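Chains A and B, in that order, give the protein sequences. Take any residue in the first sequence, count from 1 to its spot, add 530: that is its number in this note's numbering. Take any residue in the second sequence, count from 1 to its spot, add 530: that is its number in this note's numbering. Each residue gets a CB set at the ideal place from its N, CA and C atoms; glycine is no exception. Please read these numbers as outputs of a predicted model, since none were measured by experiment. The next block holds one structure in the form of structure tokens; read it before the comments.
2 protein chains.
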Amino acid sequence: MITEFAEITVKPGMEQEFQDGVATCQPVFARAAGCHGLELHHSIENPQHFILMVKWESVAHHMETFRNSPDFQIWRGAVGACFAAPPKVYHTKTTIR
Amino acid sequence: MITEFAEITVKPGMEQEFQDGVATCQPVFARAAGCHGLELHHSIENPQHFILMVKWESVAHHMETFRNSPDFQIWRGAVGACFAAPPKVYHTKTTIR
């Protein structure tokens with residue numbers, strides 16, 4: 531299992547719209563092949579800053595299967611207008627817990 | 531409960547030493563007031579990049595109680611030499627899970 535980190539900065543005033551968009555899309559991730567759940571973290575110091583963490587079976591499940599699926603368009607349609615800049619996306623392995 | 535995110539870039543070749551230092555310090559966090567565990571995430575795309583996530587009861591437990599305790603010096607002594615730059619640290623609330 532790997533974790534997708536997406537560092538997202540939203541436009542001023544779009545914090546709630548973004549969170550509502552993520553909530554609306556929970557079924558999209560629930561049905562995505564190889565997806566094992568998500569968490570949304572909201573920065574205390576910078577309210578425009580969020581970290582979306584998504585568990586995937588592999589990087590390919592995220593970057594190939596999901597990104598090339600119609601559901602990726604639904605996801606970006608729900609939240610993309612909130613982005614102040616392209617999200618910074620990377621993947622990790624959890625080495626200590 | 532809040533989450534501390536520390537984005538850490540280590541010097542080239544110090545990846546293992548850093549991870550060993552974090553592992554050695556697990557008791558430091560286990561005994562810290564208001565600390566409820568940590569995870570270390572290692573970037574797949576950039577091996578020098580790590581995300582340390584620590585659960586705290588409040589920002590003050592991290593930024594005041596822990597940072598002013600002798601254990602903070604033990605922690606920085608164990609891993610500080612590995613840092614390529616000062617860690618980028620912020621705190622979040624989990625709004626969707």
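So with Cβ pairs under 7 Å, would you call residue i a contact of chain A?
i	result
B:S573	yes
B:A615	no
B:A587	Looking at the sequence shown, residue 587 of chain B is not Ala but Glu. It does not; no Cβ of chain A falls within 7 Å.
B:K618	no
Can you pull the chain E residues whose beta carbon is under 7 Å from the beta carbon of residue i, in chain order?
i	result
A:F535	Note that chain E does not occur in the displayed structure, where the protein chains are A and B.
Comparing the C-beta of residue i with each C-beta of chain B, is any distance below 7 Å?
i	result
A:I538	no
A:Q546	no
A:V552	yes
A:Q549	yes
A:H566	no
Please return the same chain residues whose Cβ sits closer than 7 Å to the Cβ of residue i, not counting the five positions on each side in sequence.
i	result
A:C612	V540, K541, M544, E547, F548, G551
B:I538	F580, L582, F613, P617
A:A563	H591, T595
A:I629	Only positions 531 to 627 of chain A appear in this structure, which leaves residue 629 of chain A out of reach.
Here's a check: name, in chain order, each residue in its chain whose Cβ is nearer than 6 Å to the Cβ of residue i, leaving out the five neighbours to either side.
i	result
A:L568	F559, V584
Near residue i, which residues of its chain fall below 8 Å by C-beta distance, leaving aside the five closest residues on each side in sequence?
i	result
B:F602	F596
Problem - Sequence ranges, alpha helix (DSSP H) only - wholly within the stretch 577-625 of chain A, length at least 4 - result: Scanning the stretch 577-625 of chain A from its first residue to its last, the whole alpha helix (DSSP H) runs of 4-plus residues come out as 600-609.
Handout entry: Residues within the stretch 589-610 of chain A neighbouring chain B, beta-carbon criterion of under 8 Å
Key = Taking 8 Å as the upper bound on Cβ-Cβ separation, chain B lies near residues V589 of the stretch 589-610 of chain A.
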